[in-house]
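Engineer: In terms of the UniProt record's numbering, the sequence shown opens at residue 1 and continues consecutively. I'd like to ask you about the structure that follows.
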Amino acid sequence: MKRRNFFKNTVKGALGATLIPMTNLSCSSSSTASVLPNSEQEKPYGNTNPEQWHQMGTGKKRRPNRATTLTYDVAVIGGGAAGMCAAVAAARNGMQVVLIQDRPVLGGNSSSEIRVHLNGVNQLKDGLPERETGIIEEMLLHNRFHNPQDAYPVWDHVLFDFITRETNIDLKLNTSAMRAIMNGDTIEAAYCWQMTTETEFTIKAKQFIDCSGDGLLAATAGALYRTGREAASEFNEKFAPKEADGWQMGSTVLLGAKDMGRPMPFEPPHFTIKYDAEKSHKGRNLIPFELGFWWVEMGSDDDIIGEYEDIKETLMGHAYGVWDYLKNSGKFPETENYALDWVSSLPGKRESRRFIGDYILSEPDLLSNKQFPDAVAFGGWSLDEHNPGGIENLSEPPSYFHEDFEEPYQIPFRSLYSKNVSNLLFAGRNISQTHMALSSSRIMATCALEGQAVGTATALCVKHNVLPRTLGENYINDLQEQLLRDDAFIPNRPAVDNTDIAKQAQLIFASSTSSGAANLLTDGWSRDYNNTVHHWESEGLPAKVQMEWNENVKISKIEIKCDTNVKRNIMLRRDSLENDFYTTGIPKELLKALDVEVRVKGTWQKVGSLDKNRTRLIKFDFDPVQATAIRLNLKETYGAENVKLFELRCYAS
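What follows is the structure, encoded as structure tokens:
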């Protein structure tokens, strides 16, 4: 039934339906005409076939056949941080993309269903982050503009807005990729089921990216994978167990508590499991309690996917048990006015399948900061291995936090595609790595960088008509350069894009300089790194930057990377933390207002303007011109006295 007709005719339609004698309905019946006014007879709504009504009344109606086949360039499975970034990267690089998510919301572990902080490289030894840029930063900035109240349900819709505004993405929520349909070692299609519409989708694509965590599509494709912990000897991992076993890090149930301003008694439900605080390791801190406890966790040494529902029920009991102890043990009077405000019904996962690529990333790679010729992403969270058994192993610390990193480590492209399924890539916790490497790289913003890498890779695969392995062997420079242009960062890998006309400029200068130098805007680095300055900063505002060529150059694109202070995190947090390392607001350093001019035949012409810029990477596209200079007129930031830029690029097309 069309919604418009339904609401228009609800009252009259309900009256007519009430008066129709159902037993007399037939093709020749005149009873309908005797009841409904002539005007309504001329405007039928819904299905007016009497046989249809007869079948509905007798239970003989068959379920509608809602099966369809759809074709795309790229299919992305999983709508967490990795999958969203993969879909956006592929779409922005010209691909027709479908994003398949088995939940009603996007965000994965960061969504309102689970509410894990979207951490990244914010655990380096010096205490400072080396925050991710690119698509994941765009999402976080989008949230800062649209969700200043830090509401997780709103975050869900901020992500929905971010994804659905991309015209090349077709989003399928509440849709599970059930199995791969194979043609030899190639995925030909994914059979999917959308629960809410009872629709079967056969999704055909040239490239498939599994960012679902558990990797059901990849597993049904026959992609090789591992589970559990490797023996220390296999990869020379000093923190791995002596012998391999099946243990996988667990899932967590989070909760939230709210101060109600009056005493709030608590009576535990029947499924509560008593928390034995006397046997619990001192690392299981109970204060603060408002945001719950990441260590209410359970892993498995066997089939962690098959056991998920049992684990969830047990974790619910443990979560309520910890809250019962806080409220009723008499040892925490500060909880008197607090009541549970939210308890997750969907435990956040950390580990299950890890698919095997042409390279298995391991603990020594991370600790030695191995430099990979095919590096496409980076990480830096500590080696944060949670103890086997989780909350049912109370005597051990909830996590060992084996070692922090002094600088970010690289992640190679060879760990992001399947060794034996030719058109399958992956990003997230299911990439080709050991259990120990996973203990660091599983963090969501790191997964997001992998997602942007594989999304970009699929576009290049289609462009060059090659498979991922061949792309890595023959076109890795193209992939790295495109990622750097799109504002991803690869440690120790500067951009050397020969198509960037800005590198041919004879002169770059600025109206004022307080630090750095204007010529650093073309040095290939998009941030200050390893204690080396790679920026230009004005002395006050307004300010100008000008670039000159001795001869006419054809220009139609100008791309600028400004400052968002990558040493300070902008993630959504449940505690809305505001300090030197976290901010709940828009970075004050972000450039807000500017315009761009080109000099054509001695005359300056404005080709672009922004008064509410919201991204670090600023792009201006315009009709091609023959110019001898460009000029940036920098007007305002979101609060900083000076404006800081890291990169200026120009292109002919």
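Backbone N, C-alpha and C fix where the C-beta goes; we use that ideal spot for every residue, glycine too. This one's a predicted model, so the numbers in the text were calculated from it and none came from an experiment.
(1) Measure from the alpha carbon of N183 to the alpha carbon of each residue in F235, N420 and H435, then state which is nearest.
(2) Leaving aside the five residues before and after K274 along the sequence, list all residues of the same chain whose C-beta is less than 7 Å from its C-beta, in chain order.
(3) If contact is defined by three or more beta carbon pairs under 8 Å, each pair taking one atom from either stretch, is the region 123-132 in contact with the region 164-178?
(4) Where does S39 sit, in a helix, a strand or coil, going by DSSP?
(5) Roughly how many angstroms lie between the CA atoms of T186 and F581, to the nearest whole one?
(6) Evaluate the contact criterion for the region 138-147 versus the region 610-620: three or more CB pairs, one atom per stretch, below 8 Å.
(7) Excluding five sequence neighbours on each side, which residues of the same chain lie with their C-beta closer than 6 Å to the C-beta of S111?
(8) Closest to S418 by C-alpha separation, out of T175, L99 and A223, would be which residue?
(9) Can the beta-carbon of G379 be found less than 8 Å from the beta-carbon of Y409?
(10) Could you spell out the range, first to last residue, of the beta strand (DSSP E) harbouring E200?
(11) By the three-class DSSP mapping on this structure, what secondary structure does P624 have?
(12) Could you pull out every unbroken alpha helix (DSSP H) segment of at least 4 residues lying fully inside the region 139-180, listed in chain order?
(13) Please determine if the region 272-286 and the region 386-395 are in contact, where contact requires at least 3 C-beta pairs separated by less than 8 Å.
(14) Consult DSSP for L610 and reduce its assignment to one of helix, strand or coil.
(15) Give every residue of the same chain whose Cβ lies closer than 7 Å to the Cβ of K588, excluding the five residues on either side of it in the sequence, and list them in chain order.
(16) For V296, which residues in the same chain have their Cβ closer than 7 Å to its Cβ, ignoring the five residues on either side in sequence?
(17) From the DSSP output, read off the bridge partner residues of G348.
(18) To which residues does DSSP link N569 through a beta bridge?
(19) Work out the CA separation of R262 and residue 655 for me, nearest whole Å.
(20) If we count Cβ pairs, one from each stretch, closer than 8 Å, do we get three or more for the region 113-120 versus the region 481-497?
(21) Beta carbon of H386, beta carbon of G306: below 8 Å?
(22) Does the separation of the CB atoms of S439 and F405 fall below 8 Å?
(23) Give me the Cα-Cα distance between A459 and Q96, rounded to the nearest whole angstrom.
(24) Could you tell me the distance, in whole angstroms, from the CA atom of G540 to the CA atom of F509?
(25) For residue 657, which of D259, R599, P265 and N550 has the nearest alpha-carbon?
(26) Any idea which residues DSSP pairs K419 with across the strands?
(27) Can you list, in chain order, the residues of its chain whose CB lies under 6 Å from that of A91, leaving out five sequence neighbours each side?
(28) Less than 6 Å between C-beta atoms, sequence neighbours within five positions excluded: which residues of the same chain meet that for S212?
(29) Within its chain, find whatever has a CB closer than 6 Å to the CB of D73; leave out the 5 residues flanking it on each side and keep chain order.
(30) Could you tell me whether the Cβ atoms of A151 and I100 are closer together than 8 Å?
(31) Give me the DSSP bridge partner(s) of S515.
(32) Who are the near neighbours of A517 in its chain, counting only those whose CB is closer than 7 Å to its CB and skipping five residues on each side?
(33) Looking only at DSSP bridge pairs, what is C192 linked to?
(34) Do the CB positions of E434 and I490 come within less than 8 Å of each other?
(35) When you compare the region 548-562 with the region 621-628, are there three or more beta-carbon pairs, one atom per stretch, that lie closer than 8 Å?
(36) Cα-Cα, which of S515, A218 and V466 is closest to F426?
Structural biologist: With the given structure in hand:
(1) N420
(2) G321
(3) no
(4) Interpretation of S39 is limited by its pLDDT of 44, a score under 50 that renders its predicted location unreliable; the figure taken from the coordinates is listed afterwards. In this structure, S39 counts as helix in the three-state DSSP scheme.
(5) 45 Å
(6) yes
(7) V105 and D156
(8) A223
(9) yes
(10) T199 to D210
(11) strand
(12) 152-164
(13) yes
(14) strand
(15) T637, Y638, G639 and A640
(16) T252, V253, L315, H318, A319, V322 and I391
(17) T252
(18) Y582
(19) Residue 655 is absent from the structure shown; the chain starts at 1 and stops at 653.
(20) no
(21) no
(22) no
(23) 10 Å
(24) 16 Å
(25) Absent from the model: residue 657. The displayed extent of the chain is 1 to 653, so no value can be given.
(26) DSSP output for K419 lists no bridge partner at all.
(27) V97, E166, N168 and I169
(28) I77 and G78
(29) M95, Q96, K206 and V462
(30) no
(31) E537
(32) W536
(33) A177 and F201
(34) It is Thr, not Glu, that sits at residue 434 in the sequence shown. Not in contact: T434 and I490 (Cβ atoms no closer than 8 Å).
(35) yes
(36) A218
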